[in-house]
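> Before we start, here is the structure in question, set down as structure tokens.
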Amino acid sequence: MAIDISIKKKLRFFDVDVSFSCPDSRMLVMIGPSGGGKTRIIRMMAGLDKPDEGKITFRDCTWFDSGKGINLPVQQRRLGYVFQDYTLFPHLNLYENAAFAAVDKKEVDELFELFNISHLKKRKPHMVSGGERQRCAICQAMARRPAALLLDEPFSALDVITRRGLREELKNLKGKFSFPMIYVTHDINEALFMADEILPVVDGKADAGWMNSTMNRDPKVRAVREQRLALAY
Amino acid sequence: MDYLALYITLKLALVSTLILMVLAAPVAYMLAFSKIPGKSFIEAFIYLPTALPPTVIGFYLIILMGPKGPVGKAWGSLSGDALLFTFSGIVVASVIYSIPYAVQPMKAAFQKLDRRLLENAYVLGLSKNAAFFRVILPNSKSGILASAVLVFLHSMGAFGVLMMVGGSIPGETKVASIAIYEAVESMDYNKAALISLSFIPISYAFLLLVNKLNKDGADGH
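Chains as they are written, first to last, in my numbering: chain A, 1 to 233; chain B, 1 to 221.
Written out as structure tokens, the structure is:
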């Protein structure tokens, strides 16, 4: 597979202990309750946190191997990482943000076309909407020609309508991407909509039962709860 | 009117500010981001000049910078010149005296920066050095400016330290604050009044400038 991961890390309230793989051109959606360690796992993949033990490999390159003492710095993993909330650089306009680490500046224009933000190139991040900022964040990650794309609840801070729109756009686009994609969400509908594969994570561990128990709740409870969810999200 | 003393004051303030901006940036970065043990001891030491009487700082500087002191000796072998009672000497004194005012606002500006911006820069492949110049500095402009102005104004007002280290050599170490003191000592109140008055528009203009730049910074221009 393109990415193979098997990591452990001791946290305050639970231990992370997961193994999974993701092939090229596929989107693995990591889902689970908030505070269940999903972001922590993705940060360890990126090299922003260090696992206690385990192994992370990308194709034939080892990113992390506790046994051999390998821990490739975050800068060298060449990842696209779209964070939960806006991490665009406030002193740069959208174009400069997307071109920040671009391999070829021409691709930035194409990406802006693709994500429909060409008309906003000169605006600073605080002068555009949340959805437009996240579009730009995806362009920024993509312009790097990433080895893999990590998306950590990229749309969870947006309003329902913007979120649905962006979700659909990303789903339509992802077929064009040749690298593995890992998408984190706590929203089951989103997971089912986006995923090629789903990995439920509860308290730091893969928990296949969680999906079933959440989806096969008593229909009456579910109707009430999901109605509310639909309103809230 | 002692224009020469005013000129020395402005020259000293400008040179000290330029030197301190370069010196203080890495120190402020270290205090804001590094996790080395004993950081609070280092920090307290750097801020010591705010808590010591200027004459105490001046006394230690005389010991260090005198012809037999380590700094004076090193300077002597490098430049063939003395350090005490020279313009270079009062620059050193003024830099030491103003270090806290350079470091503190810069450190605060660096700390205010969202850490996630830095993480994003690292993910995008930037080394720590590159992230400092491409992300931290441009987003800390107002703090750096505040630090520069504070240092400038603080060096303009220095008196005790400079008196001890530089004495009062016209055109070399006699700054405006010392000229005022001497004018009063010799009962020349007119002269003292004129020099004192000249400080007010300079300081006022600087504060106006800071306000304007801060406002522009806040508007995101």
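Backbone N, C-alpha and C fix where the C-beta goes; we use that ideal spot for every residue, glycine too. These numbers were taken from a predicted model, which means no experiment stands behind them.
Kindly give me the distance between the Cβ atoms of P180(A) and A46(A), rounded to whole angstroms, as I take these residues to be in contact under 8 Å.
At roughly 13 Å, the Cβ-Cβ gap does not stay under 8 Å, so P180(A) and A46(A) are not in contact.
> To the nearest angstrom, report how far apart L10(B) and M156(B) are at their CA atoms.
Cα to Cα, the separation comes out at about 7 Å.
> Alpha carbon to alpha carbon, how far is I198(A) from A32(B)? Give it in angstroms, no decimals.
Looking at the two C-alpha atoms, the distance is approximately 40 Å.
> Quick one: which chain B residues come within Cβ less than 9 Å of Y81(A)?
Those within 9 Å of Y81(A) in chain B are E119, N120, V123, L124.
> Just reading off the beta strand (DSSP E) that E197(A) is part of, what are its end residues?
197 to 202 is the span of the beta strand (DSSP E), which, as asked, contains E197(A).
> Comparing the C-beta of R116(B) with each C-beta of chain A, is any distance below 7 Å?
So yes, R116(B) belongs to the interface.
> Which residues in the same chain have their Cβ closer than 6 Å to the Cβ of T17(B), if we skip the five residues on either side of it in sequence?
The answer, listed in chain order, is A148, V151, F152.
> Could you round the C-beta distance between A24(B) and V103(B) to whole angstroms and report it? I think they count as a contact, below 8 Å.
Between V103(B) and A24(B) the Cβ distance is about 5 Å, and since that is below 8 Å, they are a contact.
> List the residues that DSSP assigns as beta-bridge partners of V309(B).
Because chain B is modelled from 1 through 221, residue 309(B) falls outside the range shown and cannot be assessed.
> Listed in chain order, which residues of the stretch 131 to 151 of chain B have Cβ atoms closer than 7 Å to some Cβ of chain A?
Cβ contacts with chain A come from V135, P138, N139.
> At what residues does the beta strand (DSSP E) containing V29(A) begin and finish?
That run of the beta strand (DSSP E) goes 27 to 31.
> Excluding the 5 residues flanking Q227(A) on each side, which residues of the same chain have their C-beta closer than 6 Å to its C-beta?
Residue placement at Q227(A) is poorly supported in this model, since its pLDDT is 47, which falls under 50; the coordinates are not used for a value here.
> Using the C-alpha atoms, what's the distance from A102(A) back to R144(A)?
Using only the alpha carbons, I get a separation of about 5 Å.
> Let me confirm a value: L11(A) is counted as buried when at least 16 other C-beta atoms fall within 10 Å, else exposed. Which label applies?
Classification of L11(A): exposed, given that the 10 Å Cβ count is below 16.
> Starting from V16(A), follow the beta strand (DSSP E) in both directions and report where the run begins and ends.
15 to 22 is the extent of the beta strand (DSSP E) around V16(A).
> Which ranges would you report for the alpha helix (DSSP H) in the stretch 122 to 179 of chain A if only whole runs of at least 4 residues count?
Entirely contained in the stretch 122 to 179 of chain A, the alpha helix (DSSP H) runs reaching 4 residues are, in chain order, 130 to 142, 160 to 174.
> Using a beta-carbon distance below 7 Å, is T39(A) in contact with chain B?
No, T39(A) lies away from the interface with chain B (no Cβ there is under 7 Å from its Cβ).
> Is K107(B) helix, strand or coil by DSSP?
Three-state DSSP puts K107(B) in a helix.
> Apply the 10 Å Cβ neighbour rule to L78(B) and answer buried if 16 or more other Cβ atoms are within range, or exposed otherwise.
Under this definition L78(B) is an exposed residue.
> Take the Cβ of L208(B) as the centre, count every other Cβ of all protein chains shown within 10 Å, and call the residue buried at 16 or more, exposed below.
L208(B) should be labelled exposed.
> Going by DSSP, name the residue or residues bridged to S6(A).
Bridge partners of S6(A): S19(A), K55(A).
> Find the nearest neighbour of K124(A) within the set M30(A), M142(A), E110(A), E96(A), judged by alpha-carbon distance.
Ranking M30(A), M142(A), E110(A), E96(A) by Cα distance to K124(A) puts E96(A) first.
> Can you tell me whether A208(A) is buried or exposed, with buried defined as 16 or more other CB within 10 angstroms of its CB?
Exposed: under 16 other Cβ atoms inside 10 Å.
> State yes or no: is the beta carbon of L48(A) nearer than 7 Å to at least one beta carbon in chain B?
By this cut-off, L48(A) is an interface position.
> Does the beta carbon of F179(A) sit closer than 7 Å to a beta carbon anywhere in chain B?
Closer than 7 Å: no.
> Please classify F199(B): does DSSP put it in a helix, a strand, or coil?
Residue state, collapsed to three classes: helix.
> To which residues does DSSP link N71(A) through a beta bridge?
Paired residues: F64(A).
> Terminal residues of the continuous alpha helix (DSSP H) containing Y81(A)?
Element bounds for Y81(A): not the alpha helix (DSSP H) but the beta strand (DSSP E), 79 to 82.
> Shorter than 7 Å from the beta carbon of F64(A) to some beta carbon of chain B?
Taking Cβ atoms only, chain B never reaches closer than 7 Å to F64(A), which makes this a no.
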